Each structure stands twice: as structure tokens, then as C-alpha cells.
Amino acid sequence: MLPLSLLNAAQNKPMLVELKNGETFNGHLVNCDNFMNITLREVYQTNPDGDRFWKLKECYIRGSTIKYLRIPDSLLDSVKDEQTRAREAGRSARGSHVSGAGNRGRGGPAHRARGGQTRGGPTRGRGRGRGA
Amino acid sequence: MDSLIPFTTSGSLVDCVDRKMLVVLRDGRKLFGVLRSYDQFANLVLEDTVERIYHQDVFAEQWVGLFLIRGENVVLLGEVDLDGEDEVPLRQVEWDLLLPYHKRDTDVKKRREELKAQVLHEQKGFSKEGGEGDGY
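Taken in sequence, the protein lines are chains P and D.
Going by UniProt numbering, the residue at position 13 of the first sequence is 13; the numbering climbs one at a time, nothing skipped.
Going by UniProt numbering, the residue at position 87 of the second sequence is 87; the numbering climbs one at a time, nothing skipped.
Written out as C-alpha cells, the structure is:
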């Protein structure tokens, strides 16, 4: 479970985001991307000293300004469970029609691999010839 | 076997997963937690995290739970020796008790660093600190 996948899985969950300058944002995650850019809704913002507060309906935070995110402890477990369920589901789906698909699957790559080798041979031969 | 793993973030941290680690951040915070995941930027996922503060030979802990740390802010990541951990000659006290001392320590340190940078700049011809002002 990569850190950014965990963030993705935290959508609609409450979290605390601290920026590099010490400001914090408490809210529910609406969306995020692979740069760690995020949008939060129903946000409480605090200044670095923690003595001033703002309430924001929704806000966007550029990923590069983030120091860390605090996410609910339960998230790691629920994500793990979900992954296990997805794996189980995938395994049973593949297992149901194994014979036909499996034979075709093994046949395809083998043909391509042999073709690649024959094409590779002459190329290497020409290469050596020029060198000598 | 070690030499087969290239010296990359992924190669260096793979042995640290599921271990209790100390993470020091650029702002000086020290976090202890179990490393559950990381990526090529050294973004880290720490579970069961506690933050520790120190003052002389006392320390205090505060539970902070699950952390996703953006890699840029990490200064160091070290494995905690679980056998030696209990023999540290430090005394644990209540967080609220120690916090004012810790705040004063960091303020004093910050002022001293600012003064030092100013003297170096004005008298010794050093360049000024980069924008972030935390020495990294």
C-alpha cells in the first residue's frame, strides 16, 4: 500500500493536514492527485501558533506545501481488508474458467518470444560485422 | 546479497518496513512509529505514531496515530533498537508538564540561530539563509 494509494483510499475521511509553514487544516478529504494536491471540505484552518482559527467551506491545498497528513487510525485496517477481498474476488474470477483461457494465454507470448529472437539474431550479427 | 540492492530510497528502506522507526522532520519534530509504507520520494506511512519532546534528561510522549509524511520534510529515518530502548537514561514525564520547557528551548535555539546567521552575514560575509530558515 503506497502512501499515495492510502491517501486515495482516504477520500471522504476526516484528516488533519499540516503545511510546511505550520498552518493546519482539519476537514474531510474530497479529492487528491498524484502530486498530493488535495481538496478538503468543511475545513477548520489554524495559524502556525494555533491561536487563530478560520472556517472554510472548501479549500484546495497544493501538494508541495504539505508537511504531513494525519489520517484516521482505522483506515490502514479497512484498506488492508479491502485489498484482501479484492484479491480473493480476482482469484475466484480467474479460477472459474482456467482451462481455455490459460492455454490461449500461454500460446500467445511463446510465439511472440520466438519471433523476437529470430529478429534479434541478424541485428546482432550486423553489429559485430561493423565493429570488426 | 546486500550489494544486489541498488542504493535508492526503495532499496534502503525495504528492510525498515514493519519496524519501529524514529523520523526527524525539518521542523525538529521527532516521531516514533511503525513504518508501514514508503515510496520513491520517501513519503512515509507511520502507524501507532507518538511524538516525543525532550528537555535535558526528561522526555514526554504524545499519541498521534497514523501519519502520512511528505518525503521532502524528512531529515532522517532510523530504526529503534527495541532491546536498548528501555535502558535509555531518561525519565518520562507528562506531556503538558514538559511542553512549556520544550517551547522555551526551541525559542531560545531559534533566536540563537537567527543571531548567528546575522553575525555571519554582517561580519563574516556569509550568504543569507535560504527561504525556509530551518538550516536544511
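Note that the Cβ used here is the ideal one computed from N, Cα and C, for glycine as well.
Small disclaimer: the values here were computed from a predicted structure and weren't measured.
- Secondary structure remark: continuous alpha helix (DSSP H) runs of at least 4 residues inside the UniProt domain "Sm" (8-83) of chain D, in chain order: 9-13.
- Distances from the CA of Arg41 (chain P) to each of P:Lys80, P:Ala89, P:Val17, P:Tyr68 were compared; the closest alpha carbon is that of P:Val17.
- Exclusion of the five residues before and after Leu90 (chain D) leaves Asp57, Val58, Phe59 as the residues of its chain whose Cβ lies within less than 7 Å of its Cβ.
- A residue is called buried when at least 16 other Cβ atoms come within 10 angstroms of its Cβ; Gly90 (chain P) does not meet this threshold and is exposed.
- In this structure, the straight-line span from the alpha carbon of Lys13 (chain P) to that of Pro72 (chain P) is close to 8 Å.
- Here the segment 94-114 of chain D does not lie against the segment 68-85 of chain D, with fewer than 3 beta-carbon pairs under 8 Å apart.
- Residue environment: Gly27 (chain P) is assigned as buried (16 or more neighbouring CB atoms within 10 Å of its CB, all protein chains considered).
- By the neighbour-count criterion, in which 16 or more other beta carbons inside 10 Å mark a residue as buried, Ile38 (chain P) falls on the buried side.
- In this structure, the alpha-carbon of Val24 (chain D) lies about 10 Å from that of Glu51 (chain D).
- Residues of chain P with a Cβ closer than 7 Å to the Cβ of Ile53 (chain D) do not exist, since the nearest Cβ in that chain sits about 15 Å away.
- Residue state for Gln92 (chain D) is assigned as strand, using DSSP reduced to three classes.
- At least one CB atom of chain D sits nearer than 8 Å to the CB of Arg70 (chain P).
- Look at Glu42 (chain P) here: in three-state DSSP terms it is strand.
- Listed by position along chain P, the residues whose Cβ is nearer than 7 Å to that of Val45 (chain D) are Pro3, Leu6.
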